[in-house]
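Numbering (the numbering used here), first residue to last: 1 to 745.
This report refers to the structure that appears directly beneath it.
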Amino acid sequence: MKSRRQFLKISSLSAAGLVFGGGLLETFADNLLKNNQSYFKGPYDFARTPTYCEVCFWKCAGWVHKDENGKIKKIIGNDDDPNCNGRFCPRGTGGVGMYFDKDRLQTPLIRTDERGKQTFREATWDEAFDYIASKMNKIKEEHGPECTALFTHGSGGKYFGNLLKGFGSNNIAAPSYAQCRGPREVAFIATYGQGVDSPENTDIRDTKCLVLIGSHIGENMHNGQVQEMSDAIDKGAVIITVDPRFSTAASKSKHWLPIKPSTDIALLLSWINVIINEELYDKKYVEKYTFGFDQLKKHVQAYTPEWAYGITTIKPQQIRETAHEMANAAPAVIVHPGRHVTWYGDDTQRIRAVAILNALLGSWGRRGGFYSPEKASVPHYHLPDFPKPNKNWRDAMGGKYKLADLALASGVCQATIPSPEMSCSIKGWIVNGTNLINTLPDQKKTIAAIQALDLLVVVDTMPMEITGYADVVLPECTYLERYDSLRISQGRIPSIALRMPAVDPLYNTKPAFWMARELAKKLDLLQYFPFETIEEEIDWELKQVGSSLEEMQRIGVKLLDREADDLYFGEDEDVEFNTNTGKIELYSTALEEEGFDPFPVFTQHPEPSEGFYRLIYGRAPMHTFSRTANNPNLTDLMDENSVWVNPKVAKVWDLKNDQYVYLENQDGVISDFKIKVRITERIRWDSVYMVHGFGHADKRMTRAFGKGVSDTQMITNVMIDPIMGGTGMRGNFVTFRFDNKKAEV
Numbered sequence: 001m002k003s004r005r006q007f008l009k010i011s012s013l014s015a016a017g018l019v020f021g022g023g024l025l026e027t028f029a030d031n032l033l034k035n036n037q038s039y040f041k042g043p044y045d046f047a048r049t050p051t052y053c054e055v056c057f058w059k060c061a062g063w064v065h066k067d068e069n070g071k072i073k074k075i076i077g078n079d080d081d082p083n084c085n086g087r088f089c090p091r092g093t094g095g096v097g098m099y100f101d102k103d104r105l106q107t108p109l110i111r112t113d114e115r116g117k118q119t120f121r122e123a124t125w126d127e128a129f130d131y132i133a134s135k136m137n138k139i140k141e142e143h144g145p146e147c148t149a150l151f152t153h154g155s156g157g158k159y160f161g162n163l164l165k166g167f168g169s170n171n172i173a174a175p176s177y178a179q180c181r182g183p184r185e186v187a188f189i190a191t192y193g194q195g196v197d198s199p200e201n202t203d204i205r206d207t208k209c210l211v212l213i214g215s216h217i218g219e220n221m222h223n224g225q226v227q228e229m230s231d232a233i234d235k236g237a238v239i240i241t242v243d244p245r246f247s248t249a250a251s252k253s254k255h256w257l258p259i260k261p262s263t264d265i266a267l268l269l270s271w272i273n274v275i276i277n278e279e280l281y282d283k284k285y286v287e288k289y290t291f292g293f294d295q296l297k298k299h300v301q302a303y304t305p306e307w308a309y310g311i312t313t314i315k316p317q318q319i320r321e322t323a324h325e326m327a328n329a330a331p332a333v334i335v336h337p338g339r340h341v342t343w344y345g346d347d348t349q350r351i352r353a354v355a356i357l358n359a360l361l362g363s364w365g366r367r368g369g370f371y372s373p374e375k376a377s378v379p380h381y382h383l384p385d386f387p388k389p390n391k392n393w394r395d396a397m398g399g400k401y402k403l404a405d406l407a408l409a410s411g412v413c414q415a416t417i418p419s420p421e422m423s424c425s426i427k428g429w430i431v432n433g434t435n436l437i438n439t440l441p442d443q444k445k446t447i448a449a450i451q452a453l454d455l456l457v458v459v460d461t462m463p464m465e466i467t468g469y470a471d472v473v474l475p476e477c478t479y480l481e482r483y484d485s486l487r488i489s490q491g492r493i494p495s496i497a498l499r500m501p502a503v504d505p506l507y508n509t510k511p512a513f514w515m516a517r518e519l520a521k522k523l524d525l526l527q528y529f530p531f532e533t534i535e536e537e538i539d540w541e542l543k544q545v546g547s548s549l550e551e552m553q554r555i556g557v558k559l560l561d562r563e564a565d566d567l568y569f570g571e572d573e574d575v576e577f578n579t580n581t582g583k584i585e586l587y588s589t590a591l592e593e594e595g596f597d598p599f600p601v602f603t604q605h606p607e608p609s610e611g612f613y614r615l616i617y618g619r620a621p622m623h624t625f626s627r628t629a630n631n632p633n634l635t636d637l638m639d640e641n642s643v644w645v646n647p648k649v650a651k652v653w654d655l656k657n658d659q660y661v662y663l664e665n666q667d668g669v670i671s672d673f674k675i676k677v678r679i680t681e682r683i684r685w686d687s688v689y690m691v692h693g694f695g696h697a698d699k700r701m702t703r704a705f706g707k708g709v710s711d712t713q714m715i716t717n718v719m720i721d722p723i724m725g726g727t728g729m730r731g732n733f734v735t736f737r738f739d740n741k742k743a744e745v
């Protein structure tokens, strides 16, 4: 078991540092506190400050430790936090690098040249807010407040979201929905009446069989899941990994199924065929809780393992054997719903097949399957009603995607490009903490939308590519230098966590709460920001649940009681699901009402032409998208990506290990920079693989500039999910180039 544990060790970077306490050090701490007030924000131990991580959505709670001079030394996990159990991943411990990065944005900037050129002048905060307010009011007067939009990824979205809603617009989008998890949520809501949300309600610690189909646990480093998977492996759980690549998780699996890319639905349907026809399903559970079983049984009869073999390249025996592994473990089995699921445009239907398979195995609401999560109920101060918008992004899309329960970033982008069909396009964007140039697929369309704007405001800590297009750049201080709203995460146990500043902000940077409130003053919207400081707001909220800011400064994390003992379904418990039938809908009436197939159907997708290979992209445990590519602590671990190439392909192209090449996609787009070749048997011959988030083109990011290739640049064929509008990005193919010169026409 040692080797299995070894791959999942995630706290090695937090081994160094000092921990203070006791005797003379306490006296020294008291004196230091008196003489260095600027370092301290409240009555807490001088050596550590509570925080929760901003490097990924898991938001693990931890402690920031400082040395005797009040300088940040390290970050470690909070033992009481159910999201991390006291252990941070490499990204979390490396978060210190965000604070020390000398390439950080340092003061407000106003553009002085055309968009796309990094030409700015420094400005005061007041000047920047005056500029923004003037432009926003002009857009409101000429086009209506609804012609403004917010793109957000991170804690500041709450404050800028309230600002925009108060202004009169609800065009608020997080790219993580349309570009990542949206199809998953729509599919599970259509099946169970609820999504899986974040962190996912997967009971991995008690599972006996975990099926990962395109889900890279161990490389995406979603902390709690990695730890639970490690525990499950130690307890003998069967791991089944379906992936064209021999991933880290595949190396710990009993079964690795190197599926042909784009054929996952065929495998899922054949598994369902075996589970039903061999009567491996949970008969009692299916009869009591599900709707549409007989129709499903009829629907899957043609989808035999033999049929799937010709499509997926997975042998019928393997399909049957892995189906039996799941059934033998049921109901303590999880067919993992994944996170980034926007692949081929039929993604909602693919995840529907995942949801159906879990239902047949009886795993929803059962130990080792999917538990019932609970989130702490923390009252928020009642704000005045927001004005009701007359229109939103969906109107510009012809009323499509009614099943999407959140705004689509790609939809907002589309609604920004002027067209004859739209009476008014969106004219102003506020972009908070998301580098849209490297986040949204089809960069050409994103840039076209940006160039059509009257106002683009970018709020960020780093000079990402998106800042080059901004009219105004607002430099945010890092999460180690600010308060943010309470972290209220779902889980087995309701919990709340506090983030507070460990040190004063460096340079002329500010927190998002302060920015949004100051801008609200300029727009006469201060009624939506009733607290003068965020500390007052947090303290008010905490007192509603019997705590206080002072208590949370000391403990960092507070666990609350579940309202009921309903983590799993009781024996023969009657459960009503929030669907049209009140049942788990194997046959989806919601999809049928919108004109879509009530069952998943396999669709053949285009394949690469000769000399081209399907582009597959993924994650690395030390990086979060492009956000951390310049982090001085994390670039030491990985400073560029490489392209994985099968030896057979390398032989055809006469490629060598560590050789640098350019990539060209099916639409003739050639990568700006070179990428290092990695020749490995761990990737299928018809595909290549690279880690997402590299190939930065902004020279101000001195560690990341020009390192590796941006997979986003190569994604020009976007396959839209007709059900909810998600952007399928794995229908792109690349070939190798030894120079980046454009061919003469």
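Beta carbons: idealized from backbone N, C-alpha and C, even for Gly.
{"Asked": "If you drop the 5 nearest sequence neighbours on each side, which residues of the same chain put their C-beta closer than 7 Å to that of I72?", "Found": "V64, K66, V96, Y99, L480, A502 and V503"}
{"Asked": "Leaving aside the five residues before and after T589 along the sequence, list all residues of the same chain whose C-beta is less than 6 Å from its C-beta, in chain order.", "Found": "N580"}
{"Asked": "Which class does K699 belong to by DSSP, given the choice of helix, strand or coil?", "Found": "coil"}
{"Asked": "What would DSSP say about D460, mapped onto helix, strand or coil?", "Found": "strand"}
{"Asked": "Apart from the five residues on each side of it in sequence, which residues of its chain come closer than 7 Å, Cβ to Cβ, to Q253?", "Found": "Looking at the sequence shown, residue 253 is not Gln but Ser. Cβ within range, chain order: I239, I240 and T241."}
{"Asked": "If we ignore side chains and look at the alpha-carbon of each, how far apart do E141 and S547 end up?", "Found": "45 Å"}
{"Asked": "Among all the DSSP beta bridges, which residues are the ones paired with K74?", "Found": "H65"}
{"Asked": "Provide the residue span of the beta strand (DSSP E) that contains E748, from first to last.", "Found": "For the chain, the structure presents residues 1 to 745; residue 748 sits outside this window and is missing."}
{"Asked": "In this structure, what does DSSP give as the bridge partners for N432?", "Found": "T152 and V459"}
{"Asked": "Exposed or buried, L383, counting other C-beta atoms within 10 Å across all chains shown (16 or more means buried)?", "Found": "exposed"}
{"Asked": "Out of G725, V709 and M724, which has the shortest C-alpha to C-alpha gap to N740?", "Found": "V709"}
{"Asked": "Between the alpha carbons of T263 and T312, how many angstroms are there, rounded?", "Found": "6 Å"}
{"Asked": "Shortest alpha-carbon distance to F386 belongs to which of A355, Y177, G166 and Y344?", "Found": "G166"}
{"Asked": "Could you check whether V186 and V335 sit closer than 8 Å to each other, using their CB atoms as the reference points?", "Found": "no"}
{"Asked": "Within the stretch 495 to 526, note down every full alpha helix (DSSP H) run reaching 4 residues or more, in order along the chain.", "Found": "512 to 522"}
{"Asked": "DSSP three-state call for T27: helix, strand or coil?", "Found": "Residue placement at T27 is flagged as unreliable, the pLDDT there being 45, under the threshold of 50; the coordinate-derived value follows with that caveat. Helix at T27."}
{"Asked": "So is F738 buried or exposed if we call it buried at 16+ other beta carbons inside 10 Å?", "Found": "exposed"}
{"Asked": "Less than 8 Å between the CB atoms is what I'm expecting for S169 and T148, so what's the real figure, rounded?", "Found": "5 Å"}
{"Asked": "Tell me whether V669 sits in a helix, a strand or coil according to DSSP, three-state version.", "Found": "coil"}
{"Asked": "Below 8 Å, can you find three or more Cβ-Cβ pairs linking the stretch 186 to 197 to the stretch 452 to 467?", "Found": "no"}
{"Asked": "Of all the options K427, F293, E374 and I675, which has the alpha carbon lying nearest to the alpha carbon of E585?", "Found": "F293"}
{"Asked": "Return the chain-ordered list of same chain residues with a C-beta closer than 6 Å to the C-beta of M719, the five sequence neighbours on each side being excluded.", "Found": "Y344, G345, G728 and G731"}
{"Asked": "Expressed to the nearest angstrom, what Euclidean distance is found between the alpha-carbon atoms of D572 and L357?", "Found": "21 Å"}
{"Asked": "Measure the alpha-carbon distance for L567 versus N273 and round it to whole angstroms.", "Found": "30 Å"}
{"Asked": "For A359, which three-state DSSP category applies?", "Found": "helix"}
{"Asked": "Taking the CB atoms as reference points, tell me whether A409 and A173 lie closer together than 8 Å.", "Found": "yes"}
{"Asked": "Mind reading off the beta-carbon distance from I683 to V645? Whole number of angstroms is fine, and I expect it under 8 Å.", "Found": "7 Å"}
{"Asked": "Please say whether E532 and T509 have beta carbons closer to each other than 8 Å?", "Found": "no"}
{"Asked": "If you compare alpha carbons, which of T93, R700, N83 and I616 is closest to G468?", "Found": "R700"}
{"Asked": "For Y281, count the other beta carbons within 10 Å of its own beta carbon; 16 or more makes it buried, fewer makes it exposed. Which is it?", "Found": "buried"}
{"Asked": "By a C-beta neighbour count over all protein chains shown, 10 Å radius and 16 as the cutoff for buried, is E465 buried or exposed?", "Found": "buried"}
{"Asked": "In the DSSP output, which residue or residues are listed as bridge partners for Y662?", "Found": "R737"}
{"Asked": "Let me check understanding here. Comparing Cα to Cα, which of G618, C60, I76 and G411 lies closest to Q225?", "Found": "C60"}
{"Asked": "Does the stretch 659 to 672 touch the stretch 117 to 129, meaning 3 or more C-beta pairs lie closer than 8 Å?", "Found": "no"}
{"Asked": "Please report how far the alpha carbon of A302 lies from the alpha carbon of T603, in whole angstroms.", "Found": "14 Å"}
{"Asked": "Hey, R115 and M221: beta-carbon distance below 8 Å or not?", "Found": "no"}
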